[in-house]
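Everything below concerns the one structure shown next.
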Amino acid sequence: MDLRYFAWLRERIGTGHEVIETEALTVRDLIEELKQQSEAHAFAFSDLGSIRAAVDQDLVEFDAPLTGAREVAFFPPMTGG
Amino acid sequence: MERVRVQEAAFDMGLELNRFARHVAGAGAIVSFSGITRDVASGDLEAMVIEHYPGMTERALTRIRDEAMGRFSLVDAMIVHRFGRLPPGEVIMMVATATPHRADAFAGAEFLLDFLKSRAPFWKQEITADGREWVAAKSDDEDALKRW
Numbered sequence: 004m005d006l007r008y009f010a011w012l013r014e015r016i017g018t019g020h021e022v023i024e025t026e027a028l029t030v031r032d033l034i035e036e037l038k039q040q041s042e043a044h045a046f047a048f049s050d051l052g053s054i055r056a057a058v059d060q061d062l063v064e065f066d067a068p069l070t071g072a073r074e075v076a077f078f079p080p081m082t083g084g
Numbered sequence: 127m128e129r130v131r132v133q134e135a136a137f138d139m140g141l142e143l144n145r146f147a148r149h150v151a152g153a154g155a156i157v158s159f160s161g162i163t164r165d166v167a168s169g170d171l172e173a174m175v176i177e178h179y180p181g182m183t184e185r186a187l188t189r190i191r192d193e194a195m196g197r198f199s200l201v202d203a204m205i206v207h208r209f210g211r212l213p214p215g216e217v218i219m220m221v222a223t224a225t226p227h228r229a230d231a232f233a234g235a236e237f238l239l240d241f242l243k244s245r246a247p248f249w250k251q252e253i254t255a256d257g258r259e260w261v262a263a264k265s266d267d268e269d270a271l272k273r274w
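Chains as they are written, first to last, in the numbering used here: chain A, 4 to 84; chain B, 127 to 274.
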């Protein structure tokens, strides 16, 4: 699975892209798994209220299933316009 | 013309608007809005850097535009949004809507703006002499979506 990180999440994790193998069933499960991966990941995901997620480029809630997902992205609330 | 564009290069909002107007000749009403990089309170903004999520950005903007087209019976609508490093005073983005009557043109443009502010994957960072700072999303922006 491809993971993408943007803005301060990318900076905290130290990369904008990584490829992982996971059995996580939902976005929330995946986050819990990632938090175990390194201190940087744990720090990046410490405040879930300020994190948004997209599965295959669609914005989703944390309970969204990961069945068949190829790309999951994490980022702070968006500031376009 | 492309109705949704995400680009690094600067653009001329006057030319864009005239081109849009030619495509919707006979629509009756056109509303446009342009966002400009404004200075920070301390007055020392060096640049605004805009990051985005290539692929998802175009997808999200297209979806927002499609929704506005149907909801406000727009004849046409366009969105141009830049990314990369922008000095103060540069045009960041613009939207334009065309309808037979002005009320829908205004409402359609506001809808586009409200949604692209917090549903299109862009992140702004301000660069000043003190360093770099990510712009935090405002709860007002999220609340603005509720009126639609």
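No residue lacks a Cβ here, since even glycine has one placed at the ideal position from N, Cα and C.
query, result
"Chain-order list of residues whose beta-carbon lies under 8 Å from that of threonine 25 of chain A (same chain, five-residue window excluded)", "Met4, Leu33, Glu36 and Leu69"
"Own chain, CB closer than 8 Å to arginine 73 of chain A, minus 5 neighbours either side, in chain order", "Met4, Asp5 and Asp59"
"Range of the contiguous beta strand (DSSP E) that encloses valine 166 of chain B", "That residue, valine 166 of chain B, is in no beta strand (DSSP E); it is neither H nor E in DSSP."
"Rounded Cβ spacing between arginine 31 of chain A and aspartate 66 of chain A (contact assumed at less than 8 Å)", "6 Å"
"Supposed contact pair leucine 171 of chain B and isoleucine 205 of chain B - C-beta distance, whole angstroms, cut 8 Å", "Contact doesn't hold; Cβ gap of about 24 Å is too wide."
"Cβ shell of alanine 178 of chain B (< 7 Å), same chain only, five flanking positions each side left out", "Alanine is not the amino acid found at residue 178 of chain B; the sequence shown has histidine there. Cβ neighbours of histidine 178 of chain B beyond the five flanking positions: Val132, Phe209, Pro247 and Phe248."
"Sequence-distant residues of the same chain with beta carbon closer than 6 Å to phenylalanine 146 of chain B, five excluded per side", "Met204 and Ala222"
"Opposing strand residues paired with tyrosine 8 of chain A [DSSP bridges]", "A/Phe77"
"Segments of 3+ residues assigned as beta strand (DSSP E) that fall wholly inside the region 170-210 of chain B", "171-178 and 202-208"
"Sequence-distant residues of its chain with Cβ nearer than 7 Å to phenylalanine 48 of chain A (five each side left out)", "Ile34, Leu37, Lys38 and Ile54"
"Serine 168 of chain B versus valine 201 of chain B: straight-line alpha-carbon distance, rounded", "42 Å"
"Within 8 Å, strictly: CB atoms of threonine 188 of chain B and valine 150 of chain B", "no"
"Status (buried if at least 16 other CB within 10 Å, exposed otherwise) for isoleucine 23 of chain A", "exposed"
"Straight-line gap, alanine 186 of chain B to alanine 76 of chain A (C-alpha atoms, nearest Å)", "14 Å"
"Burial state of proline 154 of chain B (16 or more Cβ within 10 Å)", "Sequence check: residue 154 of chain B is glycine here, not proline. It is exposed - the Cβ of glycine 154 of chain B has fewer than 16 other Cβ atoms within 10 Å."
"Buried/exposed call for isoleucine 16 of chain A, threshold 16 Cβ in 10 Å", "buried"
"Span of the beta strand (DSSP E), counted from its first residue to its last, around methionine 220 of chain B", "217-225"
"Per-residue burial, threonine 82 of chain A [other beta carbons within 10 Å of its own, 16 or more giving buried]", "buried"
"Arginine 258 of chain B to valine 175 of chain B span [Cα, whole Å]", "9 Å"
"Closer than 7 Å at the beta carbon, the chain A residues around alanine 203 of chain B", "The contacting residues do not exist; alanine 203 of chain B stays about 15 Å from chain A at best."
"DSSP three-state assignment for glycine 257 of chain B, whether helix, strand or coil", "strand"
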